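Colleague: Numbering (my numbering), first residue to last: 14 to 652. All C-beta atoms in this analysis are idealised placements derived from N, C-alpha and C, irrespective of residue type, glycine included. These numbers were taken from a predicted model, which means no experiment stands behind them. I have a structure here, written as structure tokens, and I will follow up with some questions on it.
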């Protein structure tokens, strides 16, 4: 039974001068716990300050991790203190527990073994010495093959379009995270800086796993009533150590800070990886973790225009990365970015459907499977701007409902993307292929309930049953896509100075509990992130035609176009964001936009070019925020 502690500002000396993790070649600043250092999010200057470390005993925690979303931990706990009233905002030498002080603070949830003699050993597939083929297996009443159809899908493996063209990213990685890419990068390794005291809660022999993030929610629940039977005499003026202050916390990924900043930005002639690095660069020193781009192997060419409109930075990055097949998740020290499935070490676990697991053997004890009706074919069509009479389309393969699906039903989901640019074609293959793989994922995933700990996202599990030990045709290899864990530890109230809230000794064995629910995907299917819709574009917006540089006044009433007669426009709703980002005006850029005209016939029609300094109206083709065009001009006082 693991025990949990939440440490806020753990022995930290904060400095706001730390470098951007994505540009640092040094080891991660948080790699030598408990000597952790990070930036103060609320400090705008570079002065260092010291904040006290607070350690709470956690009695209940619900931990949710998924490859689809950021991790989120809701927990409750207490701290014992001399004072009976810690809710004060005044600056004193005493520790301040006010929620306004604790919110947005860096914190670590540490999970320890409640017994220092307890050890957890995993049987790794790539270590023959740990494998015991003669070990007795538990009988299972149901075969795993009944939960998934598992058709032959060798063609669904993630394709590597090219060798890694982003070598510059790999130079910024923590060498400790990339030195052994074949091993599981998410396994926990103990640090030599831990307290050697075996009774210390931070003893490495008892530490099982850590979650590092920020406190996104803090609630003070009050304190318990003083016990009349306390160890200290209540009739004296001596302070009693019987005040337990109870709190509830929400610990979230540091990336949640990106959720709070909503912006309008345009990125021109940049790849998705360049945009990803630029946006994360805004949060230099605020993420507390190393960024690992070494698992991005596909090519991502520059695009003429990518817009962020009325979106938070997190929603924007999630949309453009997921729609390109890139997903990200994190451990206690690193945020990983993936676009290609990569095999890690496999943990062998047992399946024991016996409900009377008296010895509490670590195992999976039950499986759940549900199925929904879904579209099973996808098409995506467009055309070429240079040849509007030539439509183009791409279709995915049909996704069968079962391995031996005899039904002829075909539910097709069609999407259309209008032609926008003369110099860049729309990508037709990516949307239907990603939707097809995502549909396969939803069809094949199943839920497993267990008491296994610790497990990590993207790990491999080999589930051992009586059937699959005798045959290689049954399902046994799975990837972990999501984990929901529940910790209960009411026994933390035992043996404390306040005897009034202690549990009866005979009930202490029921005071601790741990269980989890795993979302598993069988091999050979690979994880694919969900597809996200773009934000709805405004019906119309305004802008100013710009020229070769920022000196619009000197170039007024001149013509500046490319060879297709397109013009550049400084769009107001995006230009204002440039000022908020404190960028120089000369750095503002816009791709060349097409100009609408009443008639555009063969060798006839109207042709006009708005001049530098003109006020124009910007509309969006098919309400797509990434496809602006000039739909008209406006007179104003200056012209």
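Quick one: what does DSSP say residue 539 is sitting in, helix, strand or coil?
Modeller: Reduced to three states, the DSSP call for residue 539 is coil.
Colleague: In this structure, does DSSP put residue 172 in helix, strand or coil?
Modeller: Annotation note: pLDDT 34 at residue 172 (below 50); position unreliable, no value reported.
Colleague: Going by DSSP, what residues sit across from residue 525 in a beta bridge?
Modeller: Paired residues: 502.
Colleague: Looking only at its own chain, which residues have a Cβ that is under 6 Å from the Cβ of residue 607, when we skip the five neighbours before and after it?
Modeller: For residue 607, where only same-chain residues beyond five positions count, the Cβ hits under 6 Å are 579, 642.
Colleague: Check whether the region 422 to 436 touches the region 303 to 315, counting contact only when three or more Cβ pairs, one atom from each stretch, lie closer than 8 Å.
Modeller: With the cut-off at 8 Å, the region 422 to 436 and the region 303 to 315 do not touch.
Colleague: So residue 265 packs on residue 474, CB below 8 Å; how close in whole Å?
Modeller: That pair is no contact at about 26 Å.
Colleague: Note down, in chain order, each residue of its chain lying with its Cβ closer than 8 Å to the Cβ of residue 611, except the 5 sequence neighbours on either side.
Modeller: Taken in chain order, the residues that qualify are 618, 619.
Colleague: What is the C-beta distance between residue 320 and residue 638, in whole angstroms, given that I count them as a contact (C-beta under 8 Å)?
Modeller: Indeed they touch by this definition, with Cβ atoms about 5 Å apart.
Colleague: Which ranges does the beta strand (DSSP E) cover as unbroken runs of at least 3 residues, wholly within the region 312 to 348, from first to last along the chain?
Modeller: Fully enclosed beta strand (DSSP E) runs of 3 or longer: 319 to 325, 340 to 343.
Colleague: Could you have a look at residue 556 and say whether DSSP puts it in helix, strand or coil?
Modeller: Note: residue 556 maps to strand in three-state DSSP.
Colleague: Three Cβ pairs or more, each shorter than 8 Å: is that satisfied between the region 533 to 547 and the region 324 to 340?
Modeller: Contact between the region 533 to 547 and the region 324 to 340 is present, because at least three Cβ pairs lie under 8 Å.
Colleague: Ends of the beta strand (DSSP E) at residue 586?
Modeller: Not the beta strand (DSSP E): residue 586 falls in the alpha helix (DSSP H), residues 585 to 593.
Colleague: Can you tell me which of the three DSSP states residue 360 falls into?
Modeller: It is a strand residue.
Colleague: For residue 447, decide whether its Cβ has a neighbour in chain D, counting only Cβ atoms nearer than 9 Å.
Modeller: Note that chain D does not occur in the displayed structure, where there is just one protein chain.
Colleague: Which whole-angstrom value is the C-beta distance of residue 562 and residue 626, which I expect to be below 8 Å?
Modeller: Not quite, the Cβ-Cβ distance comes to about 13 Å (not below 8 Å), so this is no contact.
Colleague: Taking residue 441 as the reference, give the member of 405, 280, 632, 423 with the closest Cα.
Modeller: Checked all of 405, 280, 632, 423; the closest Cα to residue 441 is 405.
Colleague: In chain order, what residues of the same chain lie with their CB nearer than 8 Å to the CB of residue 272, ignoring the 5 residues before and after it?
Modeller: Closer than 8 Å at Cβ, skipping near neighbours: 325, 326, 327, 328.
Colleague: Leaving out the 5 sequence neighbours to the left and right, which residues in its chain are closer than 7 Å to residue 281 when beta-carbon positions are compared?
Modeller: Same-chain partners within the cutoff: 317, 318, 602, 603, 604.
Colleague: Pull up the distance between the alpha-carbon of residue 650 and that of residue 233, whole angstroms please.
Modeller: If I take the Cα positions, the gap works out to 58 Å.
Colleague: What would DSSP say about residue 86, mapped onto helix, strand or coil?
Modeller: Strand.
Colleague: Where does residue 477 sit, in a helix, a strand or coil, going by DSSP?
Modeller: Here residue 477 sits in strand by DSSP.
Colleague: If you draw a straight line from the alpha carbon of residue 450 to that of residue 593, how long is it in whole angstroms?
Modeller: Approximately 40 Å, taken between the alpha carbons.
Colleague: Tell me, please, which residues DSSP counts as bridged to residue 20.
Modeller: Per DSSP, 68, 121.
Colleague: Given this structure, state the Cα-to-Cα distance separating residue 365 from residue 477, to the nearest angstrom.
Modeller: Whole-angstrom Cα-Cα distance: 9 Å.
Colleague: What does the Cβ neighbour count give for residue 226, buried or exposed, with the cut at 16 atoms within 10 Å?
Modeller: Buried: at least 16 other Cβ atoms inside 10 Å.
Colleague: Distance, Cα to Cα, residue 164 vs residue 536?
Modeller: Interpretation of residue 164 is limited by its pLDDT of 37, a score under 50 that renders its predicted location unreliable; the figure taken from the coordinates is listed afterwards. Computed Cα separation, rounded: 10 Å.
Colleague: Pull up the CB-CB distance for residue 348 and residue 288, whole angstroms please, since I reckon it's below 8 Å.
Modeller: With a Cβ gap of about 16 Å, residue 348 and residue 288 do not count as contacting.
Colleague: Per DSSP, what kind of secondary structure is residue 547 in: helix, strand or coil?
Modeller: Residue state, collapsed to three classes: coil.
Colleague: What separation, rounded to the nearest whole angstrom, lies between the Cα atoms of residue 427 and residue 392?
Modeller: C-alpha separation (whole angstroms): 5 Å.
Colleague: Can you tell me where the alpha helix (DSSP H) with residue 113 in it begins and where it stops?
Modeller: From DSSP, the alpha helix (DSSP H) with residue 113 extends over 112 to 115.
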